[in-house]
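Visitor:
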Ligand code: ATP
Ligand code: MG
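In our numbering, the protein residues as written are 918 to 1397.
1. With hydrogens ignored, establish whether the beta-carbon of residue 1115 is closer than 7 Å to any heavy atom of ligand 1.
2. Is it a yes or a no for the region 1219-1231 touching the region 1250-1261, going by three-plus beta-carbon pairs under 8 Å?
3. Residues in its own chain within less than 8 Å of residue 1349 by CB, not counting five upstream and five downstream?
4. Mind checking whether the beta-carbon of residue 959 lies closer than 7 Å to any heavy atom of ligand 1?
5. Between the Cα of residue 1332 and the Cα atoms of 1289, 1091, 1268 and 1315, which residue gives the shortest distance?
6. Check this for me: beta carbons of residue 1100 and residue 1087, under 8 Å apart or not?
7. In three-state terms, what does DSSP make of residue 1084?
8. What does the alpha-carbon distance come out to for the pair residue 1063 and residue 1136?
9. Can you list, in chain order, the stretches of the alpha helix (DSSP H) that have 4 or more residues and sit fully within the region 959-1008?
10. Is there contact here, the region 1254-1266 with the region 1334-1346, by at least three beta-carbon pairs under 8 Å?
11. DSSP three-state label for residue 1031, please.
12. I need the DSSP call for residue 1250, collapsed to helix, strand or coil.
13. Among 1110, 1160 and 1122, whose alpha-carbon lies nearest the alpha-carbon of residue 1141?
14. Measure the C-alpha to C-alpha separation of residue 1364 and residue 1352 and round it to an integer number of angstroms.
15. Sort out for me which residues DSSP pairs residue 1242 with in a bridge.
16. Note the first and the last residue of the continuous beta strand (DSSP E) segment covering residue 1039.
17. Could you check how far apart the C-beta atoms of residue 912 and residue 1039 are, in whole angstroms? I think they sit under 8 Å.
18. For the region 1155-1224, which segments carrying the alpha helix (DSSP H) assignment without a break, of at least 4 residues, lie completely within its bounds, in sequence order?
19. Here's a check: name, in chain order, each residue in its chain whose Cβ is nearer than 8 Å to the Cβ of residue 1220, leaving out the five neighbours to either side.
20. Determine the extent of the alpha helix (DSSP H) in which residue 1271 is found, giving its start and end residues.
21. Indicate, with yes or no, if ligand 2 has a heavy atom lying under 7 Å from the CB of residue 1075.
22. Give me the residue from 1006, 960, 1001 and 976 with the minimum Cα distance to residue 987.
23. How would you call residue 1077, buried or exposed, if buried means at least 16 neighbouring beta carbons within 10 angstroms?
24. Which residues in the same chain as residue 1372 place their Cβ atom closer than 8 Å to its Cβ, once the five residues preceding and following it in sequence are excluded?
25. Can you give me the start and stop residues for the beta strand (DSSP E) that residue 1227 sits inside?
26. Whole angstroms is fine: what's the gap from residue 1386's alpha carbon to residue 1194's?
27. Return yes when the Cβ of residue 1003 is within less than 8 Å of the Cβ of residue 1022, no when it is not.
28. What span of residues does the alpha helix (DSSP H) with residue 1366 cover, start to end?
29. Could you tell me if residue 1144 is buried or exposed, where buried requires 16 or more neighbouring beta carbons within 10 angstroms of its beta carbon?
30. Tell me which same chain residues have a C-beta within less than 7 Å of the C-beta of residue 1233, skipping the five on either side of it?
31. Express the C-alpha separation of residue 1082 and residue 997 in angstroms, rounding to a whole number.
32. Quick check on this structure: which residue in 1010, 1146, 989 and 957 has the alpha carbon closest to the alpha carbon of residue 968?
33. Given this structure, state the Cα-to-Cα distance separating residue 1166 from residue 1129, to the nearest angstrom.
34. Where DSSP assigns a beta bridge to residue 1014, which residues make up the other side?
35. Looking at residue 1143 and ligand 2, is the gap between the Cβ and the nearest heavy atom below 7 Å?
36. Collect the residues with a C-beta less than 6 Å away from any heavy atom of ligand 2 and give them in sequence order along the chain.
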């Protein structure tokens, strides 16, 4: 069988780095003699693996997303190798391997902390549950291209002949900026419904459009997305939020009706009007998407915080004459955020932090009026950096008033960690040494000492001891 689809193979000019480093012979003992600096260790490892497999008589190519990214001149997140070798061959040929899906012919080849996924050419069997193929049949490169999701993800690259091997029209769609399912869109998306979210994530991240038939299939199948595991949906939502293009992705999610199926609470933000003096930008959906647009490689928790910060506004909306109010939306929103994070199968640490961000996202507004001790304690809260960033993008996405944010940043810098988190002046042991009876009152006393310390009224341990001595009767008599 020919290695290349008729008329579809040509040397891609965008593969400049490949062309520069690739040797012209398959059995060059020094495959990358002089241009190591141009490629990452991961890429070198993947090329090495291809060389080794080749020298043992197997067919082997770089495959899928890494070919797409190299053609786009983007650094791939990971490199995958597809080969005619079986998992047992791969395990025999490489010193350090981990079988991750031996039944699918997938083996990780490890080297120096890096790993490359090496998979046997296969055509997937029938999908019964919309998740995993029931069985796979090992096959050739052509069949392996056809089981992949989108044309731009279905290409191979031969680093030996420096050729792109394209059975599916991936290069044409890459040039056109088009996400197109390989084969019949409806059948391919129904086979694994996660592909609907992958299409939107890739389109948004790369700034591509989704081919009309593929998009129509997504719209038709969107209500059935819940048939796949929510862990997979949750992981994909996080990638959509954090990889870039989240605003566009959420427009596409809404348009495709996927949003209604996975995050109806976000779809419900559409048309929820707010007071134009505070929110000249428009309804809560538009406002939320503006925040998503300002995320720059965010953590999972900040991204979810931005998405969910106003999620309770539809529930808390009330009209007071001319004014629209949303009293209680922070607290209610925090509750809803927990439920949503749990639906998306996020960890407890994640949903606790997201709930914190949602609940406190307006607290900065009162920072200038806080007493020094309150302000310092606020700055000590876990998650404060993310809260400040959330407040910044929230302000930029509405009134544009950055004064509360700037006030906090200024105070943080001026006070520094010494004043925000000074060493404790006293401990419970000191109170015992003073002859105070241990009990729940200790916490209150130590708290009062800290409060006075943060207000600048107590500076030394001696002052603190003297202060407790002076007030001990009050403290114990007050309630005795
Ligand atoms: P990313 O840049 O986010 O890693 P990717 O396209 O490389 O995107 P991977 O999950 O790394 O995604 O998958 C590598 C390749 O495996 C894809 O390019 C595609 O060819 C194939 N693939 C991944 N997931 C699916 C799927 N659900 N259905 C069909 N093919 C898939
Ligand atoms: Mg990848």
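Using N, Cα and C, we set each Cβ at its ideal position, and we do this for glycine too.
It should be emphasised that the depicted structure is a prediction, and the values quoted were computed from it without experimental measurement.
Guide: In short, the structure shows the following:
1. yes
2. yes
3. 1355
4. no
5. 1289
6. no
7. coil
8. 23 Å
9. 982-988
10. no
11. strand
12. helix
13. 1110
14. 18 Å
15. 1235
16. 1039-1041
17. Look at the range of the chain in this structure, 918 to 1397, and you will see that residue 912 is not part of it.
18. 1163-1172, 1175-1179, 1181-1184 and 1201-1210
19. 1155, 1158, 1159, 1163, 1209 and 1212
20. 1265-1277
21. no
22. 960
23. buried
24. 1288, 1289 and 1290
25. Element bounds for residue 1227: n/a, residue is neither H nor E.
26. 54 Å
27. yes
28. 1358-1371
29. exposed
30. 1243, 1244, 1245, 1246 and 1249
31. 15 Å
32. 1010
33. 16 Å
34. 1026
35. no
36. 982, 994 and 995
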